Amino acid sequence: MEPSKITDGAKTAVEDEVLGSDDAEITPDNKKKIYRGMLFVLIGGASWGAFGTAAKYLLDTYHVDPMWLIDIRELCACWLFLGTAFAFDRKNLMTVIRQPKELAKIFVVSLFAILFSQVAYIYAVNATNSGTATIMQSLGMLGVLAFVCVVGRRWPRRREILGIVLALIGTYLLVTGGNPGKLNLPTAGIFWGVMCAFAQAALSILPKPLMEKWGSFTVNGLAFLFSGMLIAVFYQPWNHMPQLDAFGVLLVVIGVFVGTFLAYGLYLQGVKDAGSLRAVLLGTVEPLMATITTVLVLGTTFSIADLIGFALILAMVVLTA
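Take 10 as the starting number for the sequence shown in the numbering used here and just add one per residue.
Printed below as a string of C-alpha coordinates:
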(Lines of atoms letter the chains of each structure in order from A and count residues from 1; the text may use other names and numbers.)
(Lines give C-alpha, C1' and ligand atoms only; values in the text may rest on other atoms or scores of the structure.)
Protein backbone atom coordinates (compact mmCIF):
# COMPACT_ATOMS: atom_id res chain seq x y z
CA MET A 1 0.00 0.00 0.00
CA GLU A 2 1.23 3.49 -0.83
CA PRO A 3 2.40 5.66 2.10
CA SER A 4 -0.13 8.39 1.20
CA LYS A 5 -2.96 5.90 1.46
CA ILE A 6 -1.72 4.71 4.82
CA THR A 7 -1.60 8.32 6.03
CA ASP A 8 -5.10 9.04 4.74
CA GLY A 9 -6.37 5.93 6.47
CA ALA A 10 -4.76 6.97 9.73
CA LYS A 11 -6.30 10.43 9.49
CA THR A 12 -9.72 8.93 8.84
CA ALA A 13 -9.28 6.70 11.88
CA VAL A 14 -8.35 9.70 14.00
CA GLU A 15 -11.42 11.64 12.84
CA ASP A 16 -13.64 8.64 13.51
CA GLU A 17 -12.16 8.38 16.99
CA VAL A 18 -12.89 12.05 17.66
CA LEU A 19 -16.39 12.37 16.24
CA GLY A 20 -17.60 8.85 15.59
CA SER A 21 -17.85 7.23 12.20
CA ASP A 22 -20.95 7.49 10.10
CA ASP A 23 -23.23 4.53 9.57
CA ALA A 24 -23.08 2.63 6.31
CA GLU A 25 -25.79 2.74 3.68
CA ILE A 26 -29.31 1.97 4.85
CA THR A 27 -29.98 -1.75 4.50
CA PRO A 28 -32.97 -3.93 5.48
CA ASP A 29 -31.02 -4.98 8.60
CA ASN A 30 -30.21 -1.51 9.93
CA LYS A 31 -33.06 0.48 8.39
CA LYS A 32 -35.26 0.52 11.49
CA LYS A 33 -32.40 1.55 13.77
CA ILE A 34 -31.23 4.36 11.47
CA TYR A 35 -34.74 5.72 10.91
CA ARG A 36 -35.37 5.63 14.65
CA GLY A 37 -32.13 7.54 15.23
CA MET A 38 -33.06 10.11 12.62
CA LEU A 39 -36.44 10.62 14.32
CA PHE A 40 -34.73 11.01 17.71
CA VAL A 41 -32.36 13.64 16.30
CA LEU A 42 -35.24 15.61 14.81
CA ILE A 43 -37.24 15.55 18.05
CA GLY A 44 -34.18 16.31 20.19
CA GLY A 45 -33.08 19.23 18.01
CA ALA A 46 -36.59 20.64 17.80
CA SER A 47 -36.92 20.37 21.60
CA TRP A 48 -33.73 22.37 22.13
CA GLY A 49 -34.83 25.04 19.66
CA ALA A 50 -38.27 25.36 21.24
CA PHE A 51 -36.72 25.60 24.72
CA GLY A 52 -34.81 28.71 23.66
CA THR A 53 -38.07 30.50 22.92
CA ALA A 54 -39.58 29.39 26.24
CA ALA A 55 -36.46 30.63 28.02
CA LYS A 56 -36.67 34.00 26.28
CA TYR A 57 -40.30 34.36 27.41
CA LEU A 58 -39.33 33.57 31.02
CA LEU A 59 -36.44 36.03 30.93
CA ASP A 60 -38.41 38.90 29.39
CA THR A 61 -41.91 38.44 30.82
CA TYR A 62 -41.22 37.04 34.29
CA HIS A 63 -37.80 38.70 34.66
CA VAL A 64 -36.24 35.39 35.67
CA ASP A 65 -32.54 35.68 36.45
CA PRO A 66 -30.62 33.71 33.77
CA MET A 67 -28.42 32.02 36.38
CA TRP A 68 -31.50 30.88 38.34
CA LEU A 69 -32.95 29.26 35.23
CA ILE A 70 -29.64 27.57 34.44
CA ASP A 71 -29.25 26.17 37.95
CA ILE A 72 -32.83 24.95 38.35
CA ARG A 73 -32.68 23.36 34.92
CA GLU A 74 -29.49 21.47 35.79
CA LEU A 75 -30.46 20.44 39.32
CA CYS A 76 -33.80 19.06 38.15
CA ALA A 77 -32.68 17.46 34.88
CA CYS A 78 -29.75 15.64 36.51
CA TRP A 79 -32.17 13.39 38.43
CA LEU A 80 -34.02 12.50 35.23
CA PHE A 81 -30.73 11.44 33.64
CA LEU A 82 -29.54 9.59 36.75
CA GLY A 83 -32.92 7.89 37.21
CA THR A 84 -32.84 6.68 33.61
CA ALA A 85 -29.25 5.49 34.02
CA PHE A 86 -30.19 3.64 37.21
CA ALA A 87 -33.11 1.94 35.47
CA PHE A 88 -31.38 0.97 32.20
CA ASP A 89 -27.61 1.19 32.77
CA ARG A 90 -27.20 0.55 36.48
CA LYS A 91 -23.90 -1.33 36.19
CA ASN A 92 -22.05 1.59 34.61
CA LEU A 93 -23.57 4.10 37.05
CA MET A 94 -22.62 2.04 40.11
CA THR A 95 -19.14 1.42 38.75
CA VAL A 96 -18.24 5.00 37.85
CA ILE A 97 -19.33 6.50 41.18
CA ARG A 98 -16.73 4.28 42.89
CA GLN A 99 -13.88 5.58 40.72
CA PRO A 100 -12.59 9.02 41.85
CA LYS A 101 -10.45 9.46 38.71
CA GLU A 102 -13.43 8.96 36.41
CA LEU A 103 -15.57 11.27 38.53
CA ALA A 104 -12.83 13.90 38.26
CA LYS A 105 -12.94 13.60 34.46
CA ILE A 106 -16.73 14.00 34.50
CA PHE A 107 -16.33 17.05 36.75
CA VAL A 108 -14.04 18.63 34.15
CA VAL A 109 -16.68 17.94 31.50
CA SER A 110 -19.33 19.48 33.75
CA LEU A 111 -17.32 22.71 33.91
CA PHE A 112 -15.99 23.13 30.39
CA ALA A 113 -18.83 21.53 28.42
CA ILE A 114 -22.13 21.39 30.35
CA LEU A 115 -21.84 24.54 32.49
CA PHE A 116 -20.14 26.53 29.73
CA SER A 117 -22.79 25.61 27.15
CA GLN A 118 -25.71 26.29 29.51
CA VAL A 119 -24.45 29.71 30.59
CA ALA A 120 -23.42 30.83 27.11
CA TYR A 121 -26.71 29.78 25.50
CA ILE A 122 -29.06 31.29 28.09
CA TYR A 123 -27.16 34.59 28.18
CA ALA A 124 -27.07 34.69 24.38
CA VAL A 125 -30.84 34.16 24.31
CA ASN A 126 -31.24 36.88 26.93
CA ALA A 127 -29.15 39.35 24.91
CA THR A 128 -30.70 38.50 21.51
CA ASN A 129 -33.37 35.85 20.81
CA SER A 130 -33.48 32.08 20.59
CA GLY A 131 -33.19 31.99 16.79
CA THR A 132 -30.05 34.14 16.66
CA ALA A 133 -28.48 32.41 19.69
CA THR A 134 -29.03 28.96 18.20
CA ILE A 135 -27.63 30.02 14.82
CA MET A 136 -24.53 31.49 16.49
CA GLN A 137 -24.21 28.25 18.43
CA SER A 138 -24.03 26.39 15.10
CA LEU A 139 -20.71 28.16 14.45
CA GLY A 140 -19.26 25.71 16.95
CA MET A 141 -18.94 23.33 14.01
CA LEU A 142 -15.95 25.44 12.93
CA GLY A 143 -14.27 24.73 16.25
CA VAL A 144 -14.90 21.02 15.83
CA LEU A 145 -13.45 21.21 12.31
CA ALA A 146 -10.32 22.98 13.61
CA PHE A 147 -9.90 20.32 16.30
CA VAL A 148 -10.27 17.48 13.80
CA CYS A 149 -7.76 19.08 11.44
CA VAL A 150 -5.18 19.58 14.21
CA VAL A 151 -5.60 16.07 15.62
CA GLY A 152 -5.77 14.50 12.17
CA ARG A 153 -2.78 16.59 10.98
CA ARG A 154 -4.46 17.77 7.82
CA TRP A 155 -5.58 20.99 6.15
CA PRO A 156 -9.29 21.74 5.66
CA ARG A 157 -10.74 20.28 2.48
CA ARG A 158 -12.15 22.53 -0.24
CA ARG A 159 -15.77 22.13 0.79
CA GLU A 160 -14.77 22.86 4.40
CA ILE A 161 -12.97 26.04 3.34
CA LEU A 162 -16.10 27.05 1.43
CA GLY A 163 -18.12 26.36 4.59
CA ILE A 164 -15.79 28.60 6.61
CA VAL A 165 -16.17 31.43 4.09
CA LEU A 166 -19.98 31.10 4.15
CA ALA A 167 -19.97 31.07 7.95
CA LEU A 168 -17.89 34.25 8.09
CA ILE A 169 -20.18 36.01 5.60
CA GLY A 170 -23.27 34.79 7.47
CA THR A 171 -21.88 35.99 10.79
CA TYR A 172 -21.00 39.36 9.26
CA LEU A 173 -24.60 39.76 8.05
CA LEU A 174 -25.99 38.81 11.45
CA VAL A 175 -23.72 41.19 13.33
CA THR A 176 -23.96 44.20 10.97
CA GLY A 177 -27.15 43.60 8.99
CA GLY A 178 -25.07 44.26 5.89
CA ASN A 179 -24.05 47.74 7.07
CA PRO A 180 -20.40 47.71 8.24
CA GLY A 181 -20.90 50.98 10.10
CA LYS A 182 -23.66 49.66 12.34
CA LEU A 183 -24.00 46.75 14.76
CA ASN A 184 -27.17 44.73 14.19
CA LEU A 185 -26.67 42.88 17.49
CA PRO A 186 -25.86 44.31 20.92
CA THR A 187 -22.28 43.87 22.10
CA ALA A 188 -23.41 41.42 24.78
CA GLY A 189 -25.25 39.39 22.13
CA ILE A 190 -22.13 39.19 19.98
CA PHE A 191 -19.98 38.17 22.95
CA TRP A 192 -22.33 35.45 24.19
CA GLY A 193 -23.00 34.26 20.65
CA VAL A 194 -19.27 33.69 20.16
CA MET A 195 -19.14 31.96 23.55
CA CYS A 196 -22.03 29.76 22.37
CA ALA A 197 -19.94 28.64 19.41
CA PHE A 198 -16.94 27.79 21.60
CA ALA A 199 -19.19 26.00 24.09
CA GLN A 200 -20.86 23.96 21.36
CA ALA A 201 -17.46 22.83 20.11
CA ALA A 202 -16.45 21.83 23.64
CA LEU A 203 -19.74 20.00 24.13
CA SER A 204 -19.18 18.06 20.90
CA ILE A 205 -15.64 17.00 21.80
CA LEU A 206 -15.03 16.71 25.55
CA PRO A 207 -17.80 14.33 26.73
CA LYS A 208 -17.49 11.83 23.87
CA PRO A 209 -14.83 9.45 25.31
CA LEU A 210 -16.59 9.32 28.69
CA MET A 211 -20.01 8.74 27.11
CA GLU A 212 -18.65 5.89 25.02
CA LYS A 213 -17.20 4.32 28.17
CA TRP A 214 -19.97 4.93 30.70
CA GLY A 215 -23.07 5.80 28.67
CA SER A 216 -24.65 9.16 27.90
CA PHE A 217 -27.26 9.10 30.68
CA THR A 218 -24.69 8.34 33.39
CA VAL A 219 -22.24 11.00 32.22
CA ASN A 220 -24.94 13.62 31.59
CA GLY A 221 -26.58 12.94 34.95
CA LEU A 222 -23.38 13.28 36.96
CA ALA A 223 -22.13 16.26 34.92
CA PHE A 224 -25.42 18.12 35.34
CA LEU A 225 -25.40 17.29 39.06
CA PHE A 226 -21.83 18.57 39.56
CA SER A 227 -22.49 21.71 37.54
CA GLY A 228 -25.80 22.45 39.26
CA MET A 229 -24.34 21.97 42.74
CA LEU A 230 -21.37 24.20 41.93
CA ILE A 231 -23.67 27.01 40.81
CA ALA A 232 -25.90 26.51 43.85
CA VAL A 233 -22.97 26.91 46.25
CA PHE A 234 -21.99 30.32 44.86
CA TYR A 235 -25.30 31.61 43.49
CA GLN A 236 -27.80 30.22 46.04
CA PRO A 237 -30.89 30.07 43.79
CA TRP A 238 -33.24 29.92 46.78
CA ASN A 239 -32.35 33.59 47.39
CA HIS A 240 -33.35 34.58 43.84
CA MET A 241 -36.77 32.97 43.48
CA PRO A 242 -38.81 34.64 40.70
CA GLN A 243 -42.52 35.39 40.92
CA LEU A 244 -44.06 32.73 38.69
CA ASP A 245 -47.70 31.95 38.02
CA ALA A 246 -48.93 28.56 36.80
CA PHE A 247 -47.90 29.27 33.21
CA GLY A 248 -44.43 30.37 34.31
CA VAL A 249 -43.98 27.16 36.30
CA LEU A 250 -45.14 25.18 33.25
CA LEU A 251 -42.47 26.87 31.11
CA VAL A 252 -39.79 25.95 33.65
CA VAL A 253 -41.02 22.32 33.66
CA ILE A 254 -40.91 22.31 29.85
CA GLY A 255 -37.37 23.71 30.00
CA VAL A 256 -36.27 20.89 32.31
CA PHE A 257 -38.05 17.95 30.71
CA VAL A 258 -38.33 18.89 27.04
CA GLY A 259 -35.50 21.38 26.57
CA THR A 260 -32.93 19.46 28.60
CA PHE A 261 -33.74 15.81 29.26
CA LEU A 262 -35.42 15.03 25.94
CA ALA A 263 -33.17 17.36 23.92
CA TYR A 264 -29.93 15.87 25.22
CA GLY A 265 -31.14 12.29 25.65
CA LEU A 266 -32.85 11.88 22.28
CA TYR A 267 -30.20 13.74 20.30
CA LEU A 268 -27.32 11.69 21.71
CA GLN A 269 -29.22 8.43 21.20
CA GLY A 270 -29.95 9.58 17.66
CA VAL A 271 -26.23 10.16 17.03
CA LYS A 272 -25.56 6.63 18.23
CA ASP A 273 -28.28 5.04 16.05
CA ALA A 274 -28.16 7.15 12.89
CA GLY A 275 -24.52 8.21 12.76
CA SER A 276 -22.80 11.53 13.33
CA LEU A 277 -23.18 12.87 9.78
CA ARG A 278 -26.94 12.30 9.61
CA ALA A 279 -27.25 13.77 13.12
CA VAL A 280 -25.37 16.93 12.18
CA LEU A 281 -27.44 17.46 9.05
CA LEU A 282 -30.78 16.74 10.71
CA GLY A 283 -29.71 18.81 13.72
CA THR A 284 -30.17 21.92 11.61
CA VAL A 285 -33.84 21.60 12.62
CA GLU A 286 -32.74 23.14 15.95
CA PRO A 287 -32.09 26.71 14.74
CA LEU A 288 -35.01 26.38 12.32
CA MET A 289 -37.40 25.52 15.17
CA ALA A 290 -35.94 28.28 17.34
CA THR A 291 -36.46 30.84 14.59
CA ILE A 292 -40.01 29.71 13.78
CA THR A 293 -41.14 29.67 17.42
CA THR A 294 -39.48 33.04 18.04
CA VAL A 295 -41.49 34.56 15.20
CA LEU A 296 -44.80 32.84 16.02
CA VAL A 297 -44.72 33.03 19.82
CA LEU A 298 -42.73 36.19 20.56
CA GLY A 299 -43.46 38.14 17.38
CA THR A 300 -39.77 38.72 16.71
CA THR A 301 -38.97 39.99 13.22
CA PHE A 302 -35.85 39.27 11.19
CA SER A 303 -34.43 41.32 8.33
CA ILE A 304 -33.52 39.91 4.92
CA ALA A 305 -29.85 40.19 5.91
CA ASP A 306 -30.56 38.13 9.06
CA LEU A 307 -32.28 35.38 7.08
CA ILE A 308 -29.49 35.28 4.50
CA GLY A 309 -26.99 35.05 7.35
CA PHE A 310 -28.97 32.16 8.88
CA ALA A 311 -29.01 30.34 5.53
CA LEU A 312 -25.26 30.77 4.98
CA ILE A 313 -24.39 29.46 8.46
CA LEU A 314 -26.67 26.45 7.97
CA ALA A 315 -24.97 25.85 4.61
CA MET A 316 -21.66 25.86 6.49
CA VAL A 317 -22.95 23.09 8.77
CA VAL A 318 -23.89 20.95 5.75
CA LEU A 319 -20.58 21.53 3.94
CA THR A 320 -18.47 20.95 7.05
CA ALA A 321 -20.35 17.76 7.93
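Glycine residues also receive a C-beta, built at the ideal position from the N, C-alpha and C atoms. Owing to the predicted nature of the structure, the values given are computational and were not obtained by experimental measurement.
- Contact check between the segment 55-75 and the segment 218-225: fewer than three CB pairs, one atom from each, fall below 8 Å, which does not count as touching.
- The residues L51, G54 and A55, in chain order, have a CB closer than 6 Å to that of V294 in the same chain once the five nearest residues on each side in sequence are set aside.
- The three-state reading of DSSP puts K191 in coil, since its state is none of H, G, I, E or B.
- The C-alpha of R82 lies about 7 Å from the C-alpha of G264.
- The segment 203-216 makes contact with the segment 146-156: 3 or more CB pairs, one atom from each, lie closer than 8 Å.
- Taking 8 Å as the upper bound for CB-CB distance, A59 and G268 are in contact here, some 7 Å apart.
- Pairing K110 with L260, the inter-Cα distance amounts to about 37 Å.
- Burial state of D315 is buried, judged by a 10 Å Cβ sphere holding 16 or more other Cβ atoms.
- Beyond the five residues adjoining it in sequence on each side, K114 comes within less than 8 Å, by CB distance, of L219 in the same chain, given in chain order.
- In this structure, DSSP gives M250 a state outside helix and strand, which the three-state scheme calls coil.
- Between G198 and A299, the gap from beta carbon to beta carbon reaches 8 Å or more.
- When DSSP states are grouped into helix, strand and coil, D80 belongs to the helix group.
- Only buried fits G172, as 16 or more other CB atoms lie within 10 angstroms of its CB.
- In this structure, the alpha-carbon of G187 lies about 10 Å from that of G318.
- The DSSP assignment places complete alpha helix (DSSP H) segments of no fewer than 4 residues inside the segment 120-172 at 125-136, 139-147 and 149-161, in order along the chain.
- Considered as a whole, the segment 223-280 harbours 225-244 and 255-265 as its complete alpha helix (DSSP H) runs of no fewer than 4 residues, in chain order.
- When secondary structure is reduced to three states using DSSP, V117 falls in the helix class.
- Under the Cβ criterion (8 Å, minimum of three pairs), the segment 250-259 does not count as touching the segment 157-171.
- The C-alpha of L328 lies about 9 Å from the C-alpha of I170.
- A176 places its beta carbon less than 8 Å from that of I322.
- Rounded to the nearest angstrom, the gap between the Cα atoms of I240 and I79 is 9 Å.
- Secondary structure note for F200: its alpha helix (DSSP H) is the uninterrupted segment T196 to I214.
- The C-beta distance from I144 to P296 rounds to 5 Å, short enough to fall under 8 Å.
- In the DSSP annotation of this structure, the continuous segment of the alpha helix (DSSP H) that includes S56 starts and ends at K40 to T70.
- Under the DSSP assignment, R99 falls in the alpha helix (DSSP H) whose first and last residues are R99 to V105.
- Membership of P296 in the alpha helix (DSSP H) is indicated by the continuous run V294 to L307.
- Shortest Cα-Cα distance from S119 to any of N229, G308, F243 and N135 involves N229.
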